[in-house]
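Asks:
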Amino acid sequence: MKDLEHCRNIIDDCDKELVTIFERRLKAVLGVLEYKKEKKLPIFQPEREQDVLKKVNSYLEDDELSSALESLYRQILKISRKLQSKYLFPYNIILIGFMGSGKTSVGKELSTLLEMDYIDTDELIIKNSGLSIDQIFNTYGEIGFRKLEKEVIEGLQDNKNTIISCGGGVVLDSENIDLLKNNGRLIWLKASPLETYNRLLGDTSRPLLKNNFTIKKLTNLLNSRLALYEYASDIIVDTDGKSIQDIAREIVEKLLGPNI
Numbered sequence: 007m008k009d010l011e012h013c014r015n016i017i018d019d020c021d022k023e024l025v026t027i028f029e030r031r032l033k034a035v036l037g038v039l040e041y042k043k044e045k046k047l048p049i050f051q052p053e054r055e056q057d058v059l060k061k062v063n064s065y066l067e068d069d070e071l072s073s074a075l076e077s078l079y080r081q082i083l084k085i086s087r088k089l090q091s092k093y094l095f096p097y098n099i100i101l102i103g104f105m106g107s108g109k110t111s112v113g114k115e116l117s118t119l120l121e122m123d124y125i126d127t128d129e130l131i132i133k134n135s136g137l138s139i140d141q142i143f144n145t146y147g148e149i150g151f152r153k154l155e156k157e158v159i160e161g162l163q164d165n166k167n168t169i170i171s172c173g174g175g176v177v178l179d180s181e182n183i184d185l186l187k188n189n190g191r192l193i194w195l196k197a198s199p200l201e202t203y204n205r206l207l208g209d210t211s212r213p214l215l216k217n218n219f220t221i222k223k224l225t226n227l228l229n230s231r232l233a234l235y236e237y238a239s240d241i242i243v244d245t246d247g248k249s250i251q252d253i254a255r256e257i258v259e260k261l262l263g264p265n266i
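Residue 7 is where the sequence shown starts when you use our numbering, and the numbers rise one by one after that.
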């Protein structure tokens, strides 16, 4: 029993040291963050995280613990990113744009990069109604869908530090935009008609293009919303010819720019 108590005492002492060191580490992370902001350096650097993992592994005396150490430090790095994101983005990052502009893919990439929660308003509509988007349009029409969409937007008012991907038509209701701007920055993912058309080829889940998927129909629908997207947006990001990762990083850079 003495041996058990002795081991537990060692663990308690280690925990005390770990908490002290962990606190120092997080404060140092915020110090680095301030420096990067001042010098306009990239905030999130995946290559730096790989260097950290390599370094800490070299400090290990027992190679059998390498896997456990890597798991620990991957979690520490995630916590560090989340802390930085809460400090940098105490508001929601809200993605708007036409269908096919990449809101879902970019939203998930941002969520991973920044360790922020991710919400897709269309997914919430499906969850709340128990119906697919197609079923909602078929049963209640676009008016019914917009009503459900507005209820979801109203329900997000308490969210902070969250990535929110909105349906393409969210800008049709100015009250939606007012609600979203209460606690968020709106990013318009802009895509040309041809780029959008090519991205949506083979996608049969778009009710507004059902049975009439042509470049002319798509262009007319997109053009009818351009002024609404521009009016609603705090930041505009052109997505044509860019990778999801590049778009996500551009959003972060623009959010941290001097004018926002």
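Idealized CB from N, CA, C, for every residue including glycine.
Everything numeric in this text was worked out from a predicted model, so none of it was measured.
Between Gly174, Asp252, Lys33, which lies nearest to leucine 224 when the distance is taken from Cα to Cα?
Replies: Cα-wise, what sits closest to leucine 224 is Gly174.
Asks: What are the start and end residues of the alpha helix (DSSP H) that includes serine 180?
Replies: Looking at the DSSP string, the run of the alpha helix (DSSP H) that includes serine 180 is 180–187.
Asks: One question on the structure: do leucine 185 and glutamate 157 come within less than 8 Å of each other, judged by their Cβ atoms?
Replies: Cβ distance not < 8 Å, so leucine 185 and glutamate 157 don't count as in contact.
Asks: Say whether the stretch 136–147 touches the stretch 105–118, bearing in mind that this needs 3 or more beta-carbon pairs closer than 8 Å, one atom from each stretch.
Replies: Short answer: they don't touch.
Asks: Note down, in chain order, each residue of its chain lying with its Cβ closer than 7 Å to the Cβ of lysine 166, except the 5 sequence neighbours on either side.
Replies: Pro96, Tyr97, Asn98, Asn189, listed in sequence order.
Asks: List the residues that DSSP assigns as beta-bridge partners of arginine 255.
Replies: DSSP lists no partner for arginine 255.
Asks: Would you report the Cα separation of glutamine 90 and lysine 216, rounded to the nearest angstrom?
Replies: Going from the Cα of glutamine 90 to the Cα of lysine 216 covers about 43 Å.
Asks: Taking its Cβ as the centre, do 16 or more other Cβ atoms sit within 10 Å of asparagine 182, making it buried, or is it exposed?
Replies: The residue in question, asparagine 182, is buried, as its Cβ has 16 or more Cβ neighbours within 10 Å.
Asks: Can we count aspartate 164 as close to the ligand NAP, meaning its CB is less than 7 Å from some heavy atom?
Replies: With respect to the ligand NAP, the structure shown offers nothing to examine, as it has no ligands at all.
Asks: What are the start and end residues of the alpha helix (DSSP H) that includes threonine 110?
Replies: Counting along the chain, the alpha helix (DSSP H) containing threonine 110 begins and ends at 109–120.
Asks: Determine the direct distance from the alpha carbon of phenylalanine 151 to that of tyrosine 237, and round the result to whole angstroms.
Replies: Spanning the two alpha carbons is a distance of roughly 23 Å.
Asks: Give the secondary structure of asparagine 265 by DSSP, where H, G and I count as helix, E and B as strand, and everything else as coil.
Replies: Low per-residue confidence applies at asparagine 265: pLDDT is 42, beneath 50, and the placement is therefore not dependable enough to give any value.
Asks: Suppose contacts are defined by Cβ-Cβ distances below 8 Å. Is phenylalanine 50 in contact with alanine 197 by that definition?
Replies: No, Cβ-Cβ distance for phenylalanine 50 and alanine 197 is not below 8 Å.
Asks: Go through its chain and collect everything with a Cβ distance to glutamate 55's Cβ below 7 Å, but skip five positions before and after it.
Replies: Closer than 7 Å at the Cβ level, and outside the excluded window around glutamate 55, lie Leu83.
Asks: What residues are listed by DSSP as bridge partners for aspartate 240?
Replies: Paired residues: none, contrary to the question.
Asks: Are the beta-carbon atoms of valine 35 and serine 86 separated by less than 8 Å?
Replies: Yes.
Asks: Using 8 Å as the threshold, is the C-beta distance between isoleucine 125 and isoleucine 132 below it?
Replies: Taking 8 Å as the Cβ cut-off, isoleucine 125 and isoleucine 132 do not qualify as a contacting pair.
Asks: Check whether the Cβ atoms of isoleucine 193 and serine 239 sit closer than 8 Å, and answer yes or no.
Replies: Contact: yes.
Asks: Straight-line CA distance for histidine 12 to lysine 22?
Replies: Whole-angstrom Cα-Cα distance: 16 Å.
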